[in-house]
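Protein chains in written order, with the numbering used here: chain A, 1 to 81; chain B, 82 to 516.
Heads up, the beta-carbon is just placed ideally off N, CA and C, and yes, glycines get one too.
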Amino acid sequence: MIDDAKLAVLTDEELARHPFDELVAALQRTVQGLEAGNVGLEESIELYKQGLRLHAACEARLREAELTITELGRRGASPDD
Amino acid sequence: MADQRSLWDQVEPEADPEPMPAPRPAPVRATPRILRVTDLNRRVRGLLDADAVLADVWVEGEVSQPSFPGSGHCFFTLKDANSQLRAALFREELARAVVRPAHGMNVIIHGRVRAYEPQGTYQLYVDSITPAGAGDLHARYEALRAELAAAGLFDEGKRRQVPRWPRRIGVVTSPQGAVWRDIGNVLRRRYPLVQLVLSSTAVQGAAAAPAIVRALQRLYAQPGIDTIILARGGGSLEDLWGFNDERVVRAVAGSPVPIIVGVGHESDTTLADFAADLRAPTPSAAAELATPDGTQLPTILNRLRDRASAALLARADQRRRFLDTEGRALARLAPDIGAARQRTSDLLDRGWRAVGDRLERRRLLLEASGDGLRTLSPLATLERGYAVARTGDGRILRDPTAVAAGDALQVVVARGTVDARVERTRAGGTEDLLS
Chain A
1 MIDDAKLAVL
11 TDEELARHPF
21 DELVAALQRT
31 VQGLEAGNVG
41 LEESIELYKQ
51 GLRLHAACEA
61 RLREAELTIT
71 ELGRRGASPD
81 D
Chain B
82 MADQRSLWDQ
92 VEPEADPEPM
102 PAPRPAPVRA
112 TPRILRVTDL
122 NRRVRGLLDA
132 DAVLADVWVE
142 GEVSQPSFPG
152 SGHCFFTLKD
162 ANSQLRAALF
172 REELARAVVR
182 PAHGMNVIIH
192 GRVRAYEPQG
202 TYQLYVDSIT
212 PAGAGDLHAR
222 YEALRAELAA
232 AGLFDEGKRR
242 QVPRWPRRIG
252 VVTSPQGAVW
262 RDIGNVLRRR
272 YPLVQLVLSS
282 TAVQGAAAAP
292 AIVRALQRLY
302 AQPGIDTIIL
312 ARGGGSLEDL
322 WGFNDERVVR
332 AVAGSPVPII
342 VGVGHESDTT
352 LADFAADLRA
362 PTPSAAAELA
372 TPDGTQLPTI
382 LNRLRDRASA
392 ALLARADQRR
402 RFLDTEGRAL
412 ARLAPDIGAA
422 RQRTSDLLDR
432 GWRAVGDRLE
442 RRRLLLEASG
452 DGLRTLSPLA
462 TLERGYAVAR
472 TGDGRILRDP
482 TAVAAGDALQ
492 VVVARGTVDA
502 RVERTRAGGT
512 EDLLS
């Protein structure tokens, strides 16, 4: 879970270390915060910038995603082996 | 027996039998026809192959002296109290078999009977072997299903939601064959962000059930697994029997994380399916159910970004409207300089006018006062005809008794003085003066 309060000070590298779903969730919260409209214009602009960063981080993650596969011990392997 | 088995070890599955020689009427001969051994055995084989019952037969008996040579096949004798029959269970069928033949085991076998020409024997070629005594597989399946359902293993209420955004998915299946490949392909296409952890297992044969349980437990011991997929391709009830094994069903029900079971085809439902949090019709469907549709993600992300943009614009617009309103309110509240100037000017005018008026009044008053003063002056009185009489010592005479006849008086009138003498005095009579 990304701490929203710290989101603004996270570098792009630090963002990239968070799981994809956390980035999406943070993006959703950011958008909802913007839509709630109970923040000032200045803060809205900051939220918007933050949303753009999160969006870019998510897109980059999707672009570079590659299925990783690990295999546990083979003791139960198929008899066809 | 030992000799037979050693010979049997060399037995391989046979190719399709040669077509049976067309039966023809025995020619009438004087001398008996002499057959070669090979011809005789072939004739017997043709007779057996032509028998519809022997080609598709169910038989029950007791397994005796099974052997498992290095070829991977299994050979045994099937017997009952009075008779025995040789049986061959080839490697492929053995792998699919629900039970591994054991000496003394009562079994029901399906297969066909054929002759083995090189030895002049016939035997039962087994394609399915199941334990006898417990009823057929369907009956056992239903009985176990009822028992496990009663034990609460299939309760709908205990089904958990599969995490929408899994990070690590554990897969229990055989790494051979299409199932594992299909799962990988689906996830690569759909959600390649996920980490796949394979816990491989046998998925058919008598050894499958304990192997599946071990593979599941290996995954249960792994940290950070969000979802587990237990998968196997389609097959017969016997093929899928491992997924109806009570140990497997209980292991599935005991999964610490949501587990999806995708076994066989749409129509295959194993008891493991009932114990799962989510049942998938096929292994590929299990992979799909375990992950969000990544192909939709760019759209979802862009929609979020657009919502952010719209919200910001709305915020800015709202702020502008607010400022406009505030500006108008401020304008309303601001002093009207022109009007104030006008008012000031008016006030000044009025002030000046007031001062002017007052001065004028003062002047008029002063003028009036001057007239009054003049009215009060004794000279004016004298002018009107009055006179002032002073006695010899200069006092103003007001009382006739203050003088006597013969006293000198000085009478002052408006334009001069008259020296006079008193003739006589008389009190009163001033009323006449005013009349």
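_Pairs of beta-carbons, one from the region 260-269 of chain B and one from the region 300-314 of chain B, closer than 8 Å: are there three or more?_
Contact holds: three or more Cβ-Cβ distances are below 8 Å.
_Start-to-end residues for the beta strand (DSSP E) that takes in residue 480 of chain B_ = Counting from one through the second sequence, the residue named residue 480 of chain B turns up at place 399. No beta strand (DSSP E) holds residue 480 of chain B; DSSP gives it neither H nor E.
*asked:* Would you call the region 271-282 of chain B in contact with the region 380-392 of chain B, where contact means no fewer than 3 C-beta pairs closer than 8 Å?
replied: Counting Cβ pairs under 8 Å, fewer than three are found: no touch.
*Beta-carbon separation of residue 319 of chain B and residue 211 of chain B under 8 Å?*
Within the second sequence, numbered from 1, the residue matching residue 319 of chain B stands at position 238. Within the second sequence, numbered from 1, the residue matching residue 211 of chain B stands at position 130. Closer than 8 Å, so yes.
*asked:* Suppose only complete runs of 3+ residues qualify. What are the beta strand (DSSP E) ranges in the region 130-183 of chain B, listed by chain order?
replied: For the region 130-183 of chain B, whole beta strand (DSSP E) runs of length 3 or above, ordered along the chain, are 138-148, 155-160 and 165-170.
*Quick one: complete beta strand (DSSP E) runs, 3+ long, within the region 178-252 of chain B?*
As far as the region 178-252 of chain B is concerned, its whole beta strand (DSSP E) runs of at least 3 residues are 187-197 and 202-212.
*Measuring only between beta-carbons, confirm whether residue 60 of chain A sits less than 8 Å from chain B.*
As a first step, residue 60 of chain A is located in the first sequence; it is residue number 60 there, counting from the start. At least 8 Å separates the CB of residue 60 of chain A from every CB of chain B.
*Which residues mark the beginning and the end of the alpha helix (DSSP H) in which residue 293 of chain B is found?*
Taking the first residue of the second sequence as position 1, residue 293 of chain B is located at position 212. DSSP places residue 293 of chain B in the uninterrupted alpha helix (DSSP H) bounded by 289-301.
*Can residue 309 of chain B and residue 338 of chain B be called in contact, C-beta distance under 8 Å?*
Position 228 of the second sequence, counted from the first residue, corresponds to residue 309 of chain B. Position 257 of the second sequence, counted from the first residue, corresponds to residue 338 of chain B. Yes, the pair counts as a contact, with Cβ atoms nearer than the cut-off.
*Quick one: what does DSSP say residue 64 of chain A is sitting in, helix, strand or coil?*
Residue mapping note: residue 64 of chain A aligns to position 64 of the first sequence, counting from 1. DSSP places residue 64 of chain A in helix when its eight states are reduced to three.
*State yes or no: is the beta carbon of residue 9 of chain A nearer than 8 Å to at least one beta carbon in chain B?*
Position 9 of the first sequence holds residue 9 of chain A. Residue-level contact by beta carbon fails for residue 9 of chain A and chain B, as no gap is shorter than 8 Å.
*Work out the CA separation of residue 327 of chain B and residue 78 of chain A for me, nearest whole Å.*
Within the first sequence, the letter at position 78 stands for residue 78 of chain A. Within the second sequence, the letter at position 246 stands for residue 327 of chain B. Bear in mind that a pLDDT of 37 at residue 78 of chain A, under 50, signals an unreliable position, so the number given afterwards is only what the model happens to contain. Their backbone Cα atoms lie some 20 Å apart in a straight line.
_Counting C-beta neighbours from all protein chains within 10 Å, is the total for residue 280 of chain B 16 or more, i.e. buried, or is it exposed?_
Within the second sequence, the letter at position 199 stands for residue 280 of chain B. Counting of Cβ neighbours within 10 angstroms places residue 280 of chain B among the buried residues, the total reaching 16 or more.
*Whether residue 490 of chain B touches residue 469 of chain B by CB criterion (8 Å)*: Counting from one through the second sequence, the residue named residue 490 of chain B turns up at place 409. Counting from one through the second sequence, the residue named residue 469 of chain B turns up at place 388. Not a contact, by the Cβ cut-off of 8 Å.
*Mind listing the chain B neighbours of residue 15 of chain A? Cutoff is C-beta to C-beta under 9 Å, in chain order.*
Within the first sequence, numbered from 1, the residue matching residue 15 of chain A stands at position 15. For a Cβ distance threshold of 9 Å, nothing in chain B lies close to residue 15 of chain A: the least Cβ distance comes to about 14 Å.
*Are the Cβ atoms of residue 396 of chain B and residue 51 of chain A separated by less than 8 Å?*
On the second sequence, residue 396 of chain B is found 315 positions in, with the first residue counted as 1. On the first sequence, residue 51 of chain A is found 51 positions in, with the first residue counted as 1. No; because the gap between Cβ atoms is not below 8 Å, this pair is not in contact.
*Let me know if residue 154 of chain B comes out buried or exposed under the rule of 16 or more other beta-carbons within 10 Å of its beta-carbon.*
Taking the second sequence and counting its residues from 1, one reaches residue 154 of chain B at position 73. Here residue 154 of chain B is buried: its Cβ has 16 or more other Cβ atoms, across all protein chains shown, within 10 Å.
*Quick one: measure Cβ to Cβ for residue 361 of chain B and residue 352 of chain B, integer angstroms, because I've assumed they're closer than 8 Å.*
Your numbering for residue 361 of chain B matches position 280 in the second sequence. Your numbering for residue 352 of chain B matches position 271 in the second sequence. About 15 Å separates the two Cβ atoms, so there is no contact after all.
*For the alpha helix (DSSP H) that residue 306 of chain B lies in, which residues bound it at each end?*
Your numbering for residue 306 of chain B matches position 225 in the second sequence. Residue 306 of chain B -> no alpha helix (DSSP H), and no H or E assigned at all.
*DSSP bridge partner residues for residue 490 of chain B (one or two, in chain order)*: Position 409 of the second sequence, counting from 1, holds the residue named residue 490 of chain B. In DSSP, residue 490 of chain B forms a bridge with B/472 and B/501.
*Could you pull out every residue in the same chain whose Cβ sits closer than 8 Å to the Cβ of residue 145 of chain B, ignoring the five residues on either side in sequence?*
The residue you call residue 145 of chain B lines up with position 64 of the second sequence. These residues qualify, in order along the chain: 157, 158, 159, 160, 165, 184 and 185.
_Can you find the residues in the same chain that come closer than 8 Å, C-beta to C-beta, to residue 39 of chain A, ignoring five residues on each side of it along the sequence?_
Residue 39 of chain A sits at position 39 when you count from the first residue of the first sequence. The answer, listed in chain order, is 33 and 47.
_Please list the terminal residues of the continuous beta strand (DSSP E) segment that includes residue 361 of chain B._
Translated into positions along the second sequence, residue 361 of chain B becomes position 280. That run of the beta strand (DSSP E) goes 359-361.
*8 Å contact criterion, which residue 27 of chain A and residue 15 of chain A should meet: CB distance rounded*: Position 27 of the first sequence, counted from the start, is the residue given in the question as residue 27 of chain A. Position 15 of the first sequence, counted from the start, is the residue given in the question as residue 15 of chain A. At roughly 11 Å, the Cβ-Cβ gap does not stay under 8 Å, so residue 27 of chain A and residue 15 of chain A are not in contact.
*May I have the straight-line CA-CA distance separating residue 162 of chain B from residue 207 of chain B, to the nearest angstrom?*
Stepping through the second sequence from its first residue, residue 162 of chain B is reached at position 81. Stepping through the second sequence from its first residue, residue 207 of chain B is reached at position 126. One C-alpha to the other measures close to 21 Å.
*asked:* So for residue 313 of chain B, helix, strand or coil by DSSP?
replied: The count along the second sequence starts at 1 and reaches residue 313 of chain B at position 232. In the structure shown, residue 313 of chain B sits in a strand (DSSP, three-state: E or B).
*Assign residue 276 of chain B to one of three DSSP states: helix, strand, or coil.*
The count along the second sequence starts at 1 and reaches residue 276 of chain B at position 195. Residue state, collapsed to three classes: strand.
*asked:* Let's test the definition: count the other Cβ atoms within 10 Å of the Cβ of residue 285 of chain B and tell me whether it reaches 16, buried, or not, exposed.
replied: Locating residue 285 of chain B in the second sequence gives position 204, counting from the first residue. Per the 10 Å Cβ criterion, buried.
*According to DSSP, is residue 380 of chain B helix, strand or coil?*
Working through the second sequence from its first residue, we reach residue 380 of chain B at position 299. Helix at residue 380 of chain B.
*Could you check what DSSP says for residue 319 of chain B in three-state terms: helix, strand or coil?*
Residue numbering aside, residue 319 of chain B sits at position 238 when the second sequence is read from its first letter. In the structure shown, residue 319 of chain B adopts coil according to DSSP, grouped into three states.
*State yes or no: is the C-beta of residue 198 of chain B within less than 8 Å of the C-beta of residue 126 of chain B?*
Working through the second sequence from its first residue, we reach residue 198 of chain B at position 117. Working through the second sequence from its first residue, we reach residue 126 of chain B at position 45. Yes, they are a contact pair.
*Can you name the start and end residues of the beta strand (DSSP E) that residue 342 of chain B belongs to?*
Position 261 of the second sequence, counted from the start, is the residue given in the question as residue 342 of chain B. Boundaries of the beta strand (DSSP E) around residue 342 of chain B: 340-344.
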